Structures are given as structure tokens and as C-alpha cells.
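Residue numbers (the working numbering): 422 to 487.
From the three backbone atoms N, C-alpha and C, an ideal C-beta is built for every residue, glycine too.
Every value quoted in this text rests on a predicted model; they were computed, and no experiment measured them.
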């Protein structure tokens, strides 16, 4: 049996991450949306999204997935 965390990682395509919280909420159109709070595993933090080398924190793109 697959755990809920593993299932959400597969559905959201977020590898090398830790899922902190997942909740279902309504947006301003009164539609249900899934909100997931995640952060990278320690070994994956501060890596360039293009080449994979370590980089400064301000070089990280902010991305919100819904």
C-alpha cells in the first residue's frame, strides 16, 4: 500500500523534497484547490535549477504549484 506522502510526491512530481503540509482550500472563484507546503531535502538545497551546482539562495526560483 502506498502512503499518502508518496502518492502526493508522484502526483505533484516533487522529488528530493519533504512534504510539510497538504490541505484543500477554496480559491476566490470558490473552486477547490490543493495547497502543498514542501521544502528540499538537505542535500538538494541551494542547487542551480539549470546545471545542478550549488548556488546562492537568492538564485533560487520561486515557484507555486496549485
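Between the CA atoms of residue 474 and residue 453 - distance to the nearest angstrom: Rounded to whole angstroms, residue 453 to residue 474 spans 37 Å at the Cα level.
Beta-carbon proximity list for residue 476, same chain, < 8 Å, skipping 5 on both sides: 467, 468, 469
Reduced DSSP secondary structure (H/G/I, E/B, other) of residue 423: The three-state secondary structure of residue 423, taken from DSSP, is coil.
Residue 430 classed as buried or exposed, judged by whether at least 16 other C-beta atoms fall within 10 angstroms: buried
Go through its chain and collect everything with a Cβ distance to residue 426's Cβ below 7 Å, but skip five positions before and after it. 440
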